[in-house]
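Below is one structure, written out as structure tokens; the observations come after it.
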Amino acid sequence: MTDLSKYRNIGIFAHVDAGKTTSTERILKLTGKIHRTGEVHDGAATTDFMEQEAERGITIQSAATTCFWKDHRLNIIDTPGHVDFTVEVYRSLKVLDGGVGVFCGSGGVEPQSETNWRYANESEVARLIFVNKLDRMGADFYRVVEQVKNVLGANPLVMTLPIGIEDDFTGVIDVLNQKALI
3 MTDLSKYRNI GIFAHVDAGK TTSTERILKL TGKIHRTGEV HDGAATTDFM
53 EQEAERGITI QSAATTCFWK DHRLNIIDTP GHVDFTVEVY RSLKVLDGGV
103 GVFCGSGGVE PQSETNWRYA NESEVARLIF VNKLDRMGAD FYRVVEQVKN
153 VLGANPLVMT LPIGIEDDFT GVIDVLNQKA LI
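Count along the sequence shown starting at 1, add 2, and that's the number in my numbering.
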């Protein structure tokens, strides 16, 4: 594939433990890049390949991987969420076409996600938000959306709505296509 208009450089950023690397693994599985998702806690994630990352269960340095979706090549950069490695996120934002801000359904907007969001604003990176971990105790999708508005100053357009929450979470409603994804 040499048509550069079909390339997309996408970064995944968030506060530590929001689920960036796990989300990256799921994208790689959905696109057929991998056949089995590697678990962060097992040290088997595709983008967490450093020994220290496996030992600590966190991303330390940004890692790039490539997959294909329909007729597009997606270059995905999985970035660290720990404050000690913020410079990795900052550098990655400089090469992105877009980003995915991952927010924990129970933790919401946390300090490092605020920092990353501010850097994305400075770099003029278009982004979407993924609210993760809606099956966790204390998860509240609507609270996270309000935090995105009030804390980050963003104006989110909700594209999916959760079906249930915490232990009762079973899937989402695709608002555009008006169908449940369970």
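Glycine is no exception: its CB is placed at the ideal position from the N, C-alpha and C atoms.
Minimum C-alpha distance to residue i - residue among the options
i	options	result
Trp-71	Ala-20, Arg-10, Asn-152, Thr-81	Arg-10
Glu-168	Thr-162, Lys-135, Glu-57, Lys-151	Lys-135
Gln-180	Thr-172, Leu-163, Phe-171	Leu-163
Asp-99	Gln-149, Phe-105, Glu-126	Glu-126
Gly-155	Tyr-144, Ile-62, Asn-123	Asn-123
Cys-106	Val-97, Val-85, Ile-131	Ile-131
Ala-65	Gly-109, Gly-59, Gln-149, Phe-51	Phe-51
Leu-30	Pro-158, Lys-151, Asp-19, Thr-49	Thr-49
Ala-16	Thr-67, Gly-103, Phe-143	Gly-103
Gln-149	Ala-182, Gly-110, Leu-159	Gly-110
Classification of residue i by the beta-carbon crowding that lies within 10 angstroms, buried from 16 upward
i	result
Gln-114	buried
Tyr-121	buried
Asn-118	buried
Ala-128	exposed
Gly-140	exposed
Gly-34	exposed
Glu-53	exposed
Glu-112	buried
His-37	exposed
Ile-14	buried
Which residues DSSP lists as bridging residue i, in chain order
i	result
Lys-72	Looking at the DSSP assignment, Lys-72 forms no beta bridge with any residue, so it has no partner.
Ala-65	Asp-80
Phe-15	Gly-103
Leu-130	Val-102
Presumed contact (8 Å Cβ cut-off) between residue i and residue j, rounded CB distance
i	j	result
Val-42	Gly-59	6 Å
Contact between the segment 23-32 and the segment 77-84 (3+ Cβ pairs under 8 Å): yes
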